[in-house]
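First the structure, in the form of structure tokens, and then the observations on it.
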Amino acid sequence: MSLTTGLVIGTSGHIDHGKTTLVKALTGIDTDQLAEEKRRGITIDLGFAHDTDAQGRLLAFVDVPGHERFIHNMLAGVAGIDAVLLVVAADEGVMPQTREHLHICNLLHVPAGLVALTRTDLVDDPEMIELCIEEIQELTASTFLAGCPVIPVSAVTGVGLPDLRIALGKLPERRTAKVEELPFRLPVDRAFTVKGFGTVVTGTVLSGTLATEDEVWQYPEKKLVRIRGLQAQSETVSQARSGQRAALNLAGIAREDIQRGHQLAAPDSLATSYMLNVELQLLATEDDPLMTRRRIRLHLGTQEVMGRMVLLGQNALAPGETGLAQLRLEAPVSSRFGDRFILRNFSPLTTLGGGRVLDPLPAKSRRTRSELPARLQRICSGDEATQLEEIVFLQGVQGLRQAELPVRTGLSAKQVQRNLQPLQSRQHLICLDSVEKRWLHADHLERIARFVLRLVAAHHQRFPERQGMTRPEIAGKLNLLFAHEREVDTLLKLLVKQEKLVQADGAFALPSHVPEVSGAQEVLLKQCLGIIRKGGFQPVRRTHLLEQLGVDEKAGLTLLKSAAHHKQLVRVSEDLHYTPEQLAEIRSRLETHFAKNPTVTVIEFKELLGITRKSAVELLEHFDTQRL
């Protein structure tokens, strides 16, 4: 069977405020499964339960621990939730972990939620309940929970539970068409072995869909695994999709090779790196500024990684301020543009702030480093096309393949294609290779073009007698930049079109370049002119001319180009040259003909000069371009 999507709801709140008891009252499922949890009466790790609302919509609950020592488990639990159920005990009110959990959910941009005021059976004074509600409303006023319902309940007496169920049923789903278009992705929050089945992992499907027998990668190792079976809300299904809690039975990977913090996602749908460029907000409740190079703990998805935070464009971030930073990590992280994260202090373990990933795989380019803050700022504030252009720019001369752009921009493949078209038409981005579809920013292509022009100029200095550089010679100098000769061809065609290079006889040269003629070449040139003059109106063609001169093709072409530049020869066609005097005589005969006749046919012209039909056609075309 295939279940419809539902809502994933994460609990949050201070320790011993009744989160687990409330979930059990709503679903009938005790989420405390560990022996230590039973013994101590507190939630240590994540717990899971499910139910349906009045409309038959599936509600999956992720019960998180409230103790400050287990915040790392709480952070793993809220990865991908659609809504939060903030639990506050009426007999205690707002407590430290109430605030911290709320800050975390706010920084992660959890889209919706509500508040359950629990343990009302322990409070006899109704005014005390009202004071707690006011305190909660004041706490949530500047957060995503502003104006949300605060519902007094008792898991012991059942008071308020029907109202809470109604409110939960009104929570909106986060699933959108855009999320459905994105590749499949599931951060792993549990991994275990089931006898007779093998490795099983669970998590919340963040995007896309997955079916049995599909193959995905285990990140960050990029190990290929096959989906042997699927469950959602404890029922076997044929497909899992965004917004569902799912259990995946995996083939091709051992239990010890996958754990919480890993992800299962479509191949090449995530970028893996030890470094992230991010937008970061420091909590307004912090007492001191956040200084650059601070040692931190990054929580992204269900993963926790140690590292160092380096601010970009500033040395300190004031409480409540948003800035740009680079996270340099001690273990690889797999992410994509737009991923939300939390930063915590290395020690003591407190939440500092959070933000979103702007570049999941920053280029190591010294040239773009000085521009990095301004470019990242444009990514933060710009539209989709601006983000796309700036992200390609930040990759430097390497550019990006179109297949990489969804990961780097957070856009679907359709959105990428739609935004590339105007950028290409305005020549902000250039597609170097129509097969690989590698895109380069116009500024970096101009840098490469200047490099090529310097190469050609240096070649002219070193070999002044040569026609220019051949394409293989140029390609050999660009082999670290261009993986395919197609990309070199695109660049050279562009430079020729812009008239920055000229192409002749298989070589590329600067427009101003004229091959020098040595003493030996002067002798050859005299012989060449003599042979051509001797041919009269029908001089020998290039192949036979070079044979008579005893020179190879390359030397002969250099000689003929030099003669043409010095106006000693005129190139009528690719392999036919005349002296200026010969052409002047032919022109004179044509003018005499036109004095008596309005037109001239090819046959008439051929007989007039006593030449072949081919030569007659080439000469007439030449004179036509001269507007005779």
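Residue numbering for the sequence shown follows the numbering used here, beginning at 3 and increasing consecutively. Where a beta carbon is used, it is the ideal one built from N, C-alpha and C, also for glycine.
Within a Cβ cutoff of 6 Å, which residues of the same chain sit near residue i, ignoring the five residues on either side of it in sequence?
i	result
Thr603	none
Gly717	Outside the modelled stretch of the chain, which goes from 3 to 630, sits residue 717, for which no answer is possible.
Phe539	Leu611 and Ile613
Ser156	Thr122 and Asp123
Arg59	Gly8
Arg629	none
His74	Glu306
Residues in its own chain within less than 8 Å of residue i by CB, not counting five upstream and five downstream?
i	result
Thr643	In the structure displayed, the chain extends from 3 to 630; residue 643 sits before or after that span and is not available.
Val2	Within the shown structure, residues of the chain are numbered from 3 to 630, placing residue 2 beyond reach of any answer.
Lys26	Asp32, Thr33, Ala51 and Ala157
Val542	Ile533, Ile534 and Gln550
Arg377	Thr370, Glu392, Phe395 and Leu396
Gly521	none
Ala169	Leu116, Pro151 and Ile153
Met3	The predicted model places Met3 with a pLDDT of 37, which falls under 50 and marks its position as unreliable, so this point remains unresolved.
Between the C-alpha atoms of residue i and residue j, what's the straight-line distance to the nearest angstrom?
i	j	result
Leu147	Leu116	7 Å
Ala118	Ile83	17 Å
Thr353	Pro291	14 Å
Leu319	Ala273	27 Å
Thr159	Ile11	23 Å
Arg607	Leu457	In the sequence under discussion, the amino acid at residue 607 is Phe, which differs from the Arg named in the question. Roughly 46 Å separates the two Cα atoms.
Thr145	Asn108	6 Å
Ala586	Ala557	28 Å
Glu386	Asn421	7 Å
Thr45	Ser383	Only weak support is given to the placement of Thr45: the predicted model assigns it a pLDDT of 42, under 50, and the value that follows is read from those uncertain coordinates. So the two alpha carbons sit approximately 41 Å from each other.
Lys224	Pro269	8 Å
Thr581	Leu551	17 Å
Val312	Leu24	42 Å
Gly20	Glu132	19 Å
Gly43	Thr206	Its pLDDT being 41, under 50, Gly43 is placed unreliably by the model, and nothing is read from it.
Glu281	Asp165	39 Å
Gln423	Ile432	10 Å
Leu548	Leu483	38 Å
Glu475	Ser349	57 Å
Glu323	Asn317	13 Å
Arg428	Glu406	22 Å
Ala81	Met277	21 Å
Is the CB-CB distance between residue i and residue j below 8 Å?
i	j	result
Thr199	Asn251	First, the residue type needs correcting, since residue 199 is Phe and not Thr in the sequence shown. Yes; because the gap between Cβ atoms is below 8 Å, this pair is in contact.
Ala193	Val203	yes
Ala286	Pro321	yes
Lys502	Leu455	yes
Leu302	Phe343	yes
Ser244	Ser209	yes
Ala249	Leu173	no
Gln328	Ala365	no
Glu620	Val553	no
Arg187	Leu141	no
Ala91	Thr54	no
Leu326	Val307	no
Leu104	Leu88	yes
Arg473	Val490	yes
Leu77	Ile106	yes
Leu559	Gln426	no
Val437	Arg488	yes
Gly171	Ala56	yes
What is the DSSP secondary structure of residue i, counted as helix, strand or coil?
i	result
Ser715	No answer is possible for residue 715: it lies beyond the span of the chain, which begins at 3 and ends at 630.
Gln389	helix
Leu9	strand
Arg262	strand
Met3	Because Met3 carries a pLDDT of 37, less than 50, the predicted location of this residue cannot be relied on, and no value is offered for it.
Arg59	coil
Val702	Nothing about residue 702 can be reported from this structure: the residues present for the chain run from 3 to 630 only.
Leu232	strand
Asp32	coil
Thr411	helix
Glu323	coil
Gln305	strand
CB-CB under 7 Å to residue i, same chain, minus the five flanking residues each way: which ones, in chain order?
i	result
Gln305	Gly263 and Val335
Leu526	Leu551, Val553 and Leu561
His486	Asp435 and Glu438
Taking 7 Å as the cut-off, is the CB of residue i close to at least one heavy atom of the ligand COA?
i	result
Val335	Looking at this structure, you won't find the ligand COA or any other ligand, since it has none at all.
In the segment 116-179, which residue ranges form an unbroken alpha helix (DSSP H) of at least 4 residues, counting only runs that do not cross its ends? 128-142 and 163-171
What are the start and end residues of each continuous beta strand (DSSP E) run of 3 or more residues lying completely inside the segment 237-296, in chain order? 237-239, 241-243, 247-253, 265-267 and 273-284
Write down every uninterrupted run of the alpha helix (DSSP H) in the segment 452-486 whose length is 4 residues or greater and which is fully enclosed by it, in chain order. 473-479
Contained beta strand (DSSP E) runs [length at least 3] in the segment 495-546, N- to C-terminal order: 504-506 and 509-511
Alpha helix (DSSP H) segments (min. 4 residues) lying fully within the segment 82-117: 98-109
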